[in-house]
Each structure stands twice: as structure tokens, then as C-alpha cells.
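For reference, the structure discussed in these notes is given below.
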Amino acid sequence: MSLATEQASPAATRPAKPKTKRGPEHRPGLNRWLPYALLAPAVLLELFIHIIPMIVGIWMSFVKLTKFFIANWSSAPGAGLGNYKVALDFDNAVGQGLLKSFGVTVAFSLITVAFSWVLGMAAAVALQPEFRGRGLVRTLFLVPYALPAYAGILTWNFMLQRDTGAVNHVLEQLHLSDGNTFWLIGGNALVSLITVAGWKLWTFAFLTLMAGMQSIPRDLYEAASVDGAGNIRQWRNITLPSLRPVNLVLVLVLFLWTFSDFNTPYVLFGTAQPPAGDLITFHIYNASFLTWNFGTGAAMSVLLLIFLMIVTGAYLLVTGRRSRRA
Amino acid sequence: MRETRGFKIYRGVTLTVLGLFVLVPLYVMATSSLKPLKDVQGAFTWWPTNLTLAPFVDMWKTVPLAKYFVNSTIVSVAATVFSVAIAILAAFAVSRFRFRGRTVFTTTVLSTQMFPGVLFLLPLFLIFVNINNEFGLQLVGTRLGLIITYLTFSLPFSIWMLAGYFDSIPRELDEAALVDGCGPMGALWRVVLPAARPGVIAVAIYSFMTAWGEVLFASVMTTEANRTLSVGLRQYSTQTNIYWNQIMAAALVVSIPVVIGFLLAQRHFVAGVTAGAVK
Chain A
1 MSLATEQASP AATRPAKPKT KRGPEHRPGL NRWLPYALLA PAVLLELFIH
51 IIPMIVGIWM SFVKLTKFFI ANWSSAPGAG LGNYKVALDF DNAVGQGLLK
101 SFGVTVAFSL ITVAFSWVLG MAAAVALQPE FRGRGLVRTL FLVPYALPAY
151 AGILTWNFML QRDTGAVNHV LEQLHLSDGN TFWLIGGNAL VSLITVAGWK
201 LWTFAFLTLM AGMQSIPRDL YEAASVDGAG NIRQWRNITL PSLRPVNLVL
251 VLVLFLWTFS DFNTPYVLFG TAQPPAGDLI TFHIYNASFL TWNFGTGAAM
301 SVLLLIFLMI VTGAYLLVTG RRSRRA
Chain B
1 MRETRGFKIY RGVTLTVLGL FVLVPLYVMA TSSLKPLKDV QGAFTWWPTN
51 LTLAPFVDMW KTVPLAKYFV NSTIVSVAAT VFSVAIAILA AFAVSRFRFR
101 GRTVFTTTVL STQMFPGVLF LLPLFLIFVN INNEFGLQLV GTRLGLIITY
151 LTFSLPFSIW MLAGYFDSIP RELDEAALVD GCGPMGALWR VVLPAARPGV
201 IAVAIYSFMT AWGEVLFASV MTTEANRTLS VGLRQYSTQT NIYWNQIMAA
251 ALVVSIPVVI GFLLAQRHFV AGVTAGAVK
């Protein structure tokens with residue numbers, strides 16, 4: 001009995017404590033479980049939409065998942081590394097296709113990122129000082145970003161038609177070509193892709209860079225002006241260094257986006273992609289859904305994931321070291 | 001920056017060139033939607049000589065556009081509501097509590113954000129097929145399935161951005177609310193959320209825009225019953241004709257709600273992106 005009363009006594013005093021000062025830190029039971037309760041819906045969904053699909057995706061890359069096994073895929077026979085061997089066999093049609101598509105995608109991403117960054121920077125610098133109509137121009141520049149991707153791409157598709165499109169019409173009027181260029185098939189497909197993707201993407205670069213520039217203190221520029229630095233030197237010595245953290249994130253995000261762009265090739269070309277515009281996600285999509293060979297598609301997806309992780313890791317490592325040195 | 005003569009010339013040239021780059025496609029979209037089919041099938045003209053509103057009428061008949069519109073609206077609104085609500089709770093937990101597993105959670109969310117959608121497309125498709133086989137719950141070809149898949153884009157971004165936004169709100173604010181007798185949920189509802197309104201609006205706009213413009217999942221996960229605008233608009237191309245004037249009219253009509261919404265709230269969006277990017 002005495003033991004029981006001794007145990008009961010601290011419990012009896014406990015309810016008195018919260019009265020002196022309220023707050024979650026004084027309600028240890030609630031505080032311990034509340035964050036998990038708050039996270040529960042997000043964790044469940046993340047499991048369902050990301051974690052489990054990833055595990056299934058990796059598993060898929062190790063089985064012979066052809067059209068015969070779609071309806072009952074858990075009984076698909078194992079393939080070992082077979083799918084990877086097929087995807088990476090560069091003497092073979094599938095491997096060659098993947099390698100070519102990879103090369104096209106690298107070129108597409110690098111040029112599109114550079115193109116978008118340069119345009120975004122040019123516009124952000126031009127709009128840095130206040131002037132009449134600045135808000136209007138800024139709003140106008142945001143329209144391509146706000147437009148649903150397919151609406152913009154369909155318009156470009158129309159403009160790039162050989163006989164009825166605006167692009168050939170303009171080039172002919174300016175005597176730059178005979179107006180009979182194919183833009184959506186053949187070698188020009190990559191040029192078209194970069195133009196269309198850049199049309200949408202540069203405004204995101206513009207938005208981010210403009211926001212970044214707003215946080216640069218004005219007196220830096222004033223001091224530089226007093227010292228006689230012109231606009232170009234001010235840009236090189238103040239704007240560019242101040243934007244370094246913004247740029248690091250921006251360039252990585254732009255690269256990851258363009259590298260996994262699906263909308264632009266899909267809407268621009270339909271399912272019959274020209275080799276010069278065969279971007280990697282589109283390639284994987286076709287490899288999987290046109291031939292119903294999900295196993296090789298999954299192996300390609302895993303390879304793409306590994307590549308993106310290596311690039312991101314390397315990028316963060318290099319830029320992280322550099323910014324520490326600076 | 002000084003407004004020297006050189007700078008003014010630079011600004012004039014830059015804004016003209018970029019303005020044309022942005023505007024010409026929008027102009028082509030708008031004017032081509034006002035041309036009869038014959039005119040868009042001939043050589044391109046800048047000025048529509050035979051102005052007509054017929055494409056805006058015909059586009060509803062050539063393709064069941066109204067149905068796709070309803071589908072897109074339901075799917076996008078639902079994806080937005082779920083993603084924002086779930087993200088608010090998760091972001092509050094991440095921003096205001098220190099608990100075991102926090103780093104694992106934030107790292108996972110951050111990394112899933114960089115993975116391309118095509119990576120999840122095939123497995124999700126198979127999981128949906130399996131759920132249908134096992135439980136008889138049809139997800140491929142239904143709006144519910146599409147809503148779930150659209151959370152793959154919007155949820156990680158929303159959690160990540162809102163957590164950054166909540167972090168920028170002084171903790172003293174919700175601690176004061178706790179002292180005043182609010183529970184933690186009360187503090188979230190009455191203090192943190194109102195202070196984070198721009199962030200919440202930005203995240204909501206982003207979620208809606210991604211769902212409204214999504215093409216990849218819509219091309220695989222939809223059948224005639226749940227087809228969204230992004231896939232539906234392709235159907236103006238038939239074997240015999242491509243109804244470019246109606247495509248342009250439809251593209252214009254489906255863009256207007258998003259563009260207006262975005263432009264109205266762009267201030268919040270820019271503030272939200274900045275708060276997220278600077279973190």
C-alpha cells in the first residue's frame with residue numbers, strides 16, 4: 001500500500017504543473033506525438049506515391065516485364081541484369097537508341113539552361129531600376145510561365161509547321177531562307193525543342209533572378225558609382241557575386257527540369273519523335289509504352305535516376321566547396 | 001545601376017526583343033483562333049482578313065471540350081486542396097518541432113522532388129493495375145487515380161516551400177499564442193497560417209498550375225471518361241484535318257483562367273518563391 005501511495009503522489013502533483021505555464025513543452029505526451037500525427041498524412045502519401053513506386057521501379061528493372069505480364073505483373077520471371085545489359089549494349093539497337101537519346105538530352109539541357117539564364121539575366125538587369133511601365137513589362141514576361149505548357153507548345157507547333165507556320169513565313173520575308181524548312185522533323189528538331197523549352201523557361205530564370213536582385217542593398221551600387229564604376233563593372237563586381245547563392249540553386253533546378261522535360265517533345269512531335277529531338281524521358285516513355293517492354297523501360301529509368309543523382313551530388317560538392325572558398 | 005544613355009539603349013533593345021519573343025506566339029494564338037479553317041490551312045498571314053468567331057463555337061463540338069474542362073477542373077482543384085492541406089500540417093511539424101526522423105523526412109521530400117515523373121509513371125501504373133485486380137478499385141482511367149498521381153509533383157514542392165516559409169515567421173508569434181491559451185493547432189490556425197498567407201497562396205497556385213498543365217501522367221492514366229484538357233486538345237488533329245483555328249481557340253480558353261489567376265497573385269508567388277529560394 002505504501003508503495004502505491006508513493007507512486008501515486010508524483011502523479012497527483014503533475015496536473016498542477018500546466019496551470020503555472022501553458023504551452024506544448026509542458027504537455028510532454030501531446031508534444032511527443034503531435035509532430036508524428038501532423039506528418040502522418042504526408043508520410044502515408046509519400047510512401048504511396050514515391051517510396052513504394054521507387055521500390056517497385058527498381059524491382060521492375062530486374063524482371064522480364066513484357067506485355068504478357070502486365071495484368072499479373074508480380075509473376076513476371078526474373079531477368080537478373082538482363083534489362084540493364086540490353087539498355088547498355090551499345091552495339092545493339094536499344095542501347096544505341098538510349099545512348100543517342102542521352103547525347104541529345106545533354107545537348108538540349110545545357111543549351112536550354114544557358115539560353116534561359118542569359119535571357120532571364122538580361123531582362124532582370126534591364127528591369128532593375130524603376131521606370132514607367134516596369135510592372136507591366138514584368139507581368140507580360142510572366143505570361144509564358146503561367147500558360148499551361150501544352151497551350152504554349154501547341155502554338156509553337158502551329159508556328160513551326162512548314163507550309164502554314166509563322167516561322168517560315170517570317171524567315172522568307174526577311175530573306176533568311178526560302179521558307180521551306182522543316183522544323184519538326186530532321187535535324188532542326190533540336191533547334192525547335194530548345195526554342196520552345198527556352199520560351200517558357202527563361203521567364204522562370206527571370207523571376208528568380210529579379211527576386212534575387214531585389215535583396216541586393218542599394219548602397220553597394222551607390223558606393224561603386226561614387227568610385228567611378230560603370231554599369232558593366234557594377235554588374236560584374238556587385239550583381240553577379242551577390243546572386244551566387246541564387247544562381248547555384250537556379251542553374252541546378254533548370255538543369256534537372258530540362259533534363260527530365262517530357263511535355264515539350266511529346267506535344268511538339270507526338271509519338272513519332274525525330275531522332276534529333278528524342279529526349280530521354282520521351283525515349284523511356286516510348287520504349288515502355290509503345291513496345292510494352294516495361295522491364296527495359298524501368299532499367300533505363302533507374303539509369304537516368306543514378307545519372308541525375310551523380311550530377312546533383314557532384315554539382316553540390318563542387319559549388320559548395322567553391323562558395324566556402326569565396 | 002545608373003540610367004546612363006547606354007543603359008537606356010540596352011534596356012530598349014532587350015525589352016523589345018524579349019517582348020516580341022513572348023508576344024508573337026500569344027498574338028499568333030489569338031489571331032489564328034479568329035480565322036476560318038481555310039485561312040489557317042493556307043500560307044500564314046499576320047492579319048486575319050476573314051474575322052470569325054466560329055472556332056470558339058465549333059471547338060465545343062469537334063471535341064467534347066466541356067467534359068475535359070470539367071475533368072481538369074475537378075482534378076486540379078482536388079489535387080491542390082489535398083496537397084496544400086497535407087503540406088501545411090507536415091510543414092508545421094517540420095518547422096516547429098524537433099523530433100526523431102525529422103531529417104530523414106525532409107531529405108526524402110527534398111530528393112523526391114528532383115526525380116523525373118517518368119520514373120514514377122511505370123511503377124504507379126502497375127500499382128494501379130494491381131490495386132484494381134486485388135481490390136476492384138479502378139484507378140487507371142479515373143479522376144481519383146489522376147488526383148493521386150498529381151500529388152507526386154505538388155506535395156514535395158509544397159512541403160518544402162511551406163516549411164521554408166514557416167521558418168521565416170518568428171517563433172515568438174506562436175509562442176505568444178500558446179501563452180495566451182491556444183493549443184499548438186490553434187497557434188497554427190490563428191497565427192502561423194495568416195502570417196504565411198503569401199506562401200500558402202503561392203503553393204496553391206503552383207499546385208493548380210502543375211495539375212492543369214500536366215501532360216505525361218494524363219497521357220497514360222486517362223481514358224475517354226476522365227480525359228483532361230492537356231490530352232483532349234490533341235484530338236483536334238484528325239486523319240483528314242488539323243483544326244488549327246479551333247486548337248488555338250481552345251488553347252486560349254483553357255489558358256485564360258490560369259493566367260489571370262497567376263497574374264492576380266503574382267506578388268504572392270514571387271514572395272513565396274523568394275522565401276523558398278533564399279533558404
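Chains A and B supply the protein sequences, listed in that same order.
Here the first sequence is numbered in full-length UniProt numbering, starting from 1 and rising by one per residue.
Here the second sequence is numbered in full-length UniProt numbering, starting from 1 and rising by one per residue.
For every residue, glycine included, the Cβ atom is placed at its ideal position computed from N, Cα and C.
As the structure is a prediction and not an experimental result, all values here were calculated from the model.
Which residues in chain A sit within 9 Å of residue i, going by Cβ to Cβ distance?
i: B:Ile-148; result: Leu-45, Phe-48 and Ile-49
i: B:Ile-169; result: Those do not exist, as B:Ile-169 stays about 16 Å from chain A at its closest Cβ, beyond 9 Å.
For the alpha helix (DSSP H) that contains residue i, what are its first and last residues?
i: A:Trp-117; result: 93–126
i: A:Tyr-266; result: 263–269
i: B:Leu-18; result: 5–32
i: B:Trp-46; result: Taken as a continuous stretch (DSSP letters only), B:Trp-46 belongs to no alpha helix (DSSP H), as it is neither H nor E.
i: A:Ala-166; result: 166–173
i: B:Gly-164; result: 143–167
i: A:Ile-284; result: 280–289
i: A:Phe-206; result: 189–214
i: A:Leu-250; result: 244–259
i: residue 385 of chain A; result: Nothing about residue 385 of chain A can be reported from this structure: the residues present for chain A run from 1 to 326 only.
i: A:Phe-141; result: 134–146
i: B:Ala-54; result: 54–62
i: A:Phe-131; result: Taken as a continuous stretch (DSSP letters only), A:Phe-131 belongs to no alpha helix (DSSP H), as it is neither H nor E.
i: A:Gln-234; result: 231–234
i: A:Gly-179; result: No alpha helix (DSSP H) holds A:Gly-179; DSSP gives it neither H nor E.
i: B:Asp-39; result: 37–41
i: residue 389 of chain A; result: The structure shown does not extend to residue 389 of chain A, since chain A is modelled only from 1 to 326, so the question has no answer here.
i: B:Val-140; result: B:Val-140 -> no alpha helix (DSSP H), and no H or E assigned at all.
i: A:Ala-87; result: 82–88
How would you list, in chain order, the residues of chain B whose beta-carbon sits under 7 Å from the beta-carbon of residue i?
i: A:His-175; result: Per Cβ cutoff of 7 Å: no residues; A:His-175 is ~16 Å from chain B at best.
i: A:Met-159; result: Pro-25 and Val-28
i: A:Thr-312; result: Met-114
i: A:Ala-126; result: Tyr-10, Arg-11, Thr-14 and Leu-15
i: A:Ala-298; result: Leu-122
i: A:Phe-289; result: Val-220
Give the C-beta separation of residue i and residue j to the nearest angstrom, bearing in mind that I take them to be a contact with Cβ-Cβ under 8 Å.
i: A:Phe-158; j: A:Ile-280; result: Wrong, their Cβ atoms sit about 26 Å apart, outside the cutoff.
i: B:Leu-162; j: B:Ala-195; result: Going by Cβ atoms, the distance from B:Leu-162 to B:Ala-195 rounds to 12 Å, so no, they are not a contact pair.
i: A:Phe-204; j: A:Tyr-145; result: 6 Å
i: B:Glu-214; j: B:Ser-230; result: 6 Å
i: residue 316 of chain B; j: B:Trp-189; result: A question about residue 316 of chain B goes unanswered here, because the residues of chain B that appear run from 1 up to 279.
i: B:Ser-33; j: B:Met-185; result: Contact flag wrong, Cβ pair sits at about 49 Å.
i: B:Ile-159; j: A:Ala-37; result: Incorrect: roughly 16 Å between the Cβ atoms, too far for contact.
i: B:Ala-250; j: B:Tyr-150; result: At roughly 21 Å, the Cβ-Cβ gap does not stay under 8 Å, so B:Ala-250 and B:Tyr-150 are not in contact.
i: B:Thr-228; j: B:Ser-72; result: 4 Å
i: B:Phe-153; j: B:Thr-210; result: 5 Å
i: B:Val-140; j: B:Val-129; result: 7 Å
i: B:Thr-112; j: A:His-169; result: Not really, about 45 Å apart at Cβ, beyond 8 Å.
Under 8 Å Cβ-Cβ, which residues of chain B neighbour residue i?
i: A:Asn-293; result: Within 8 Å Cβ-Cβ: nothing; A:Asn-293 doesn't reach chain B, min ~11 Å.
i: A:Phe-262; result: Pro-116, Gly-117, Val-118, Val-215 and Leu-216
i: A:Met-60; result: Leu-122, Pro-123 and Leu-126
i: A:Tyr-266; result: Val-215, Leu-216 and Ser-219
Could you name the residues of chain A that residue i contacts, counting a contact when the two beta carbons are closer than 7 Å?
i: B:Thr-152; result: Ile-49 and His-50
i: B:Ala-251; result: Ala-151, Leu-154 and Thr-155
i: B:Trp-60; result: In chain order: nothing, as chain A lies at least about 17 Å away.
i: B:Trp-47; result: Simply none; closest approach about 12 Å.
How would you list, in chain order, the residues of chain A whose beta-carbon sits under 8 Å from the beta-carbon of residue i?
i: B:Thr-103; result: Neighbours of B:Thr-103 on chain A: none; closest Cβ ~13 Å, over 8 Å.
i: B:Ala-43; result: Asp-163, Thr-164 and His-169
Closer than 9 Å by beta-carbon distance: list the chain B residues that pair up with residue i, in chain order.
i: A:Thr-66; result: Near A:Thr-66 there are no residues of chain B at all, since even the closest Cβ is about 13 Å away, more than 9 Å.
### Message
Under 8 Å: do the stretch 186–196 of chain A and the stretch 233–240 of chain A share three or more Cβ pairs, one atom per stretch?
### Response
no
field: Contiguous alpha helix (DSSP H) assignments of at least 4 residues, all confined to the stretch 73–131 of chain B
entry: 102–114
**Asked** Are the stretch 262–270 of chain A and the stretch 241–249 of chain A touching, with three or more C-beta to C-beta distances below 8 Å?
**Response** no
Determine, using beta-carbon pairs with one atom in the stretch 101–115 of chain A and one in the stretch 278–293 of chain A, whether at least three such pairs fall under 8 Å.
yes
- Task: Tell me, please, whether the stretch 53–72 of chain B touches the stretch 195–204 of chain B by the rule of three or more beta-carbon pairs shorter than 8 Å.
- Result: no
* To do: Tell me the start and end of each unbroken alpha helix (DSSP H) in the stretch 35–64 of chain A that is at least 4 residues and wholly inside, in chain order.
  => 52–60
Let me know the alpha helix (DSSP H) ranges lying completely inside the stretch 170–250 of chain B, each 4 residues or longer, listed in chain order.
171–179, 184–187, 197–213, 216–221 and 229–232
Exercise. Should the stretch 205–214 of chain A be called in touch with the stretch 115–126 of chain A, which here means at least 3 C-beta pairs below 8 Å?
Worked result: yes
Is the stretch 218–226 of chain B in contact with the stretch 34–47 of chain B, if contact means three or more CB pairs nearer than 8 Å? no
Check your understanding: Is the stretch 103–110 of chain B in contact with the stretch 300–309 of chain A, if contact means three or more CB pairs nearer than 8 Å?
Key -> no
Q.
Using 8 Å as the cut-off, can you tell me whether the stretch 87–95 of chain B makes contact with the stretch 283–302 of chain A, which would need three or more C-beta pairs spanning the two stretches below that distance?
A. no
Original post:
Pairing CB atoms from the stretch 286–296 of chain A with CB atoms from the stretch 54–70 of chain A, are three or more of them under 8 Å?
Top reply: yes
Cβ pair count under 8 Å reaching 3, the stretch 161–181 of chain A against the stretch 87–97 of chain A: no
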